[in-house]
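Quick note on numbering: the numbering used here labels position 13 of the sequence shown as 13, and the sequence is numbered without any gaps.
Here is the structure we will look at, set down as structure tokens.
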Amino acid sequence: MYTREYAKQCVGHGWYGLIDEAYDLLEPYEIEVMQVKEKFGQLRIYTGIMTAEVADVLDEKIWEIESRSMSVCECCG
Numbered sequence: 001m002y003t004r005e006y007a008k009q010c011v012g013h014g015w016y017g018l019i020d021e022a023y024d025l026l027e028p029y030e031i032e033v034m035q036v037k038e039k040f041g042q043l044r045i046y047t048g049i050m051t052a053e054v055a056d057v058l059d060e061k062i063w064e065i066e067s068r069s070m071s072v073c074e075c076c077g
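What follows is the structure, given as structure tokens:
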């Protein structure tokens, strides 16, 4: 499980805001973050198991955060 602080150590500080957004979204549902990384220039956030109802809502929002990372510099934001 990745804490918010550890997740931020895995990427450049330009993406810290995106990491915070994802954690703010996931924490109320007690969803664990299993891995955070950069892959092919995009932020990737891998989560633990979710119920189908929660996944329907959160998967799209996490995908949107990951997609926005393509237009945000990982180094300078």
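Every residue, glycine too, gets a C-beta built ideally from N, C-alpha and C.
- Relative to Met34, the option among Glu74, Trp15, Arg68, Ala7 whose CA is nearest is Ala7.
- Of the residues Val72, Ser71, Cys73, Tyr46, the one whose Cα lies closest to the Cα of Glu60 is Tyr46.
- Here Leu43 is near Glu66, since their CB atoms are less than 7 Å apart.
- Your pair Tyr23 and Arg4 checks out as a contact, with CB atoms roughly 5 Å apart and the cut at 8 Å.
- When rounded, the separation of the alpha-carbon atoms in Ala52 and Met1 is 21 Å.
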